[in-house]
Amino acid sequence: MIGIKRPETEYELLDRAWSIAGLTLEELALQLKRKVPENLLRNKGWVGEMLELVLGATAGSKPEPDFQHIGIELKTIPVKKNGEPKESTHVCIVPMTETQGLNWEDALVRQKLARVLWIPVEVGGDLAERRIGAPLLWSPSHEEETLLRADWEEFMELITLGDLDQITAHLGEALQIRPKAANSHALAGGIGKLGESIRTLPRGFYLRTSFTGALLARHYHCY
DNA sequence: GTGTGATCATCT
DNA sequence: AGATGATCACAC
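The first sequence: position 99 = 362 (the numbering used here), numbered continuously.
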């Protein structure tokens, strides 16, 4: 069964996600008539792309939630045997031009995180044998949103003031900014210290592992 | 280059 | 070992 048709409701999407829970990646790939790669070294996004396919996400690289018609973003999250995430979670590119007057309410990062379908996938060992976990449909709690917003506002102020050199992955409690580019020589538009246009390294917003780990634990621990 | 899907690999 | 900075593939 290949789920190519997009789910029309939240329930339909969640139902489909539950239907693949427990499958190995090999079993999922078989359903999709794909080959499991040897490893993820040159296929870092492979697991995420398989899940997009089977859940009926519109393949594409548009800067919007995967299932915009029902307001849901799909995120696969690599989890260790103890259930904790192994990696941070990329959310979206960081806007670095025309940022003045940008509100949290309108921020793409808020739109994407407003409702997320988390699909945990085992990490480590043979790629083909890793299992897909139980889906979790999540929206930030009031506390979580407050945290995210505070980080975002701090970052956007630095960007708007041209203080890009002050931004490192050490900043931010829930959200962080790290490079997001083909390589360290890539250039994107930005704002200089004098308000002028500059070229700088493209960056992305990421959720810290501590943040996603806490939200997974909060929802899965009650089983 | 931009933005999607992310994980890799090096440094501390 | 964990986190930070760097990198890989693909569509357009």
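Glycine is no exception: its CB is placed at the ideal position from the N, C-alpha and C atoms.
Can you tell which of the options has its C-alpha closest to the C-alpha of residue i?
i: Gln363; options: Val317, Lys307, Leu421 and Pro326; result: Leu421
i: Ser404; options: Gly308, Glu312 and Leu478; result: Leu478
i: Glu459; options: Gly425, Gln439, Ala451 and Tyr483; result: Gly425
i: His482; options: Tyr469, Ser402 and Thr339; result: Ser402
i: Asn345; options: Glu385, Ile454, Pro398 and Ala445; result: Glu385
i: Asn446; options: Leu303, Thr463 and Arg269; result: Thr463
i: Ala480; options: Trp415, Pro383, Ile430 and Glu417; result: Pro383
i: Ile493; options: Arg297, His433 and Arg373; result: Beyond the ends of the chain as shown, which are 264 and 486, falls residue 493; an answer cannot be given.
i: Glu361; options: Arg466, Ala432 and Ile454; result: Ile454
i: Leu450; options: Leu277, Leu457 and Ile461; result: Ile461
i: Tyr274; options: Glu315, Leu400 and Glu350; result: Leu400
i: His332; options: Leu434, Leu276 and Lys307; result: Leu276
i: Pro270; options: Leu380, Lys349 and Asp369; result: Leu380
i: Leu371; options: Pro326, Pro300 and Lys349; result: Pro326
Taking only three categories from DSSP, how would you classify residue i?
i: Gln439; result: strand
i: Ile267; result: coil
i: Arg373; result: helix
i: Ala397; result: coil
i: Arg466; result: strand
i: Gly425; result: coil
i: Thr287; result: strand
i: Gly476; result: helix
i: Arg471; result: coil
i: Tyr483; result: helix
Just reading off the alpha helix (DSSP H) that residue i is part of, what are its end residues?
i: Ser460; result: Ser460 -> not in any alpha helix (DSSP H); beta strand (DSSP E) instead, spanning Ser460 to Thr463.
Within the same chain, show all residues whose beta-carbon is closer than 6 Å to that of residue i, passing over the 5 residues directly before and after it, in chain order.
i: Asn366; result: none
i: Tyr486; result: The predicted model places Tyr486 with a pLDDT of 48, which falls under 50 and marks its position as unreliable, so this point remains unresolved.
i: Thr287; result: Glu392 and Arg394
i: Asp329; result: Ala320, Glu336 and Leu337
i: Thr423; result: Thr362 and Gln363
i: Lys456; result: Gly425
i: Ile430; result: Leu421 and Ile440
i: Arg305; result: none
Considering residue i, what are the terminal residues of the beta strand (DSSP E) in which it resides?
i: Ile454; result: Ala451 to Ile454
Given residue i, which residues of its chain have a CB within under 7 Å of its CB, disregarding the five upstream and five downstream residues?
i: Ser410; result: Note that residue 410 is Leu in the sequence shown, not Ser. So the list reads Glu436 and Ala437, once near-sequence residues are dropped.
i: Asn302; result: Leu390
i: Thr352; result: Lys338, Ile340, Tyr469, Leu470 and Thr475
i: Trp281; result: Pro398
i: Gly492; result: The shown model of the chain, from 264 to 486, leaves out residue 492, and the question about it has no answer.
i: Asp414; result: Gly435, Glu436, Ala437 and Leu438
Who are the Cβ neighbours of residue i in its own chain at under 8 Å, not counting the five residues just before and after it?
i: Glu407; result: Ala437, Phe474 and Leu478
i: Met313; result: Leu288, Leu291, Ala292, Leu295 and Arg297
Checklist line | Unbroken stretches of the alpha helix (DSSP H), 4 residues or longer, contained in the segment 300-381 | finding: Fully enclosed alpha helix (DSSP H) runs of 4 or longer: 309-318 and 371-376.
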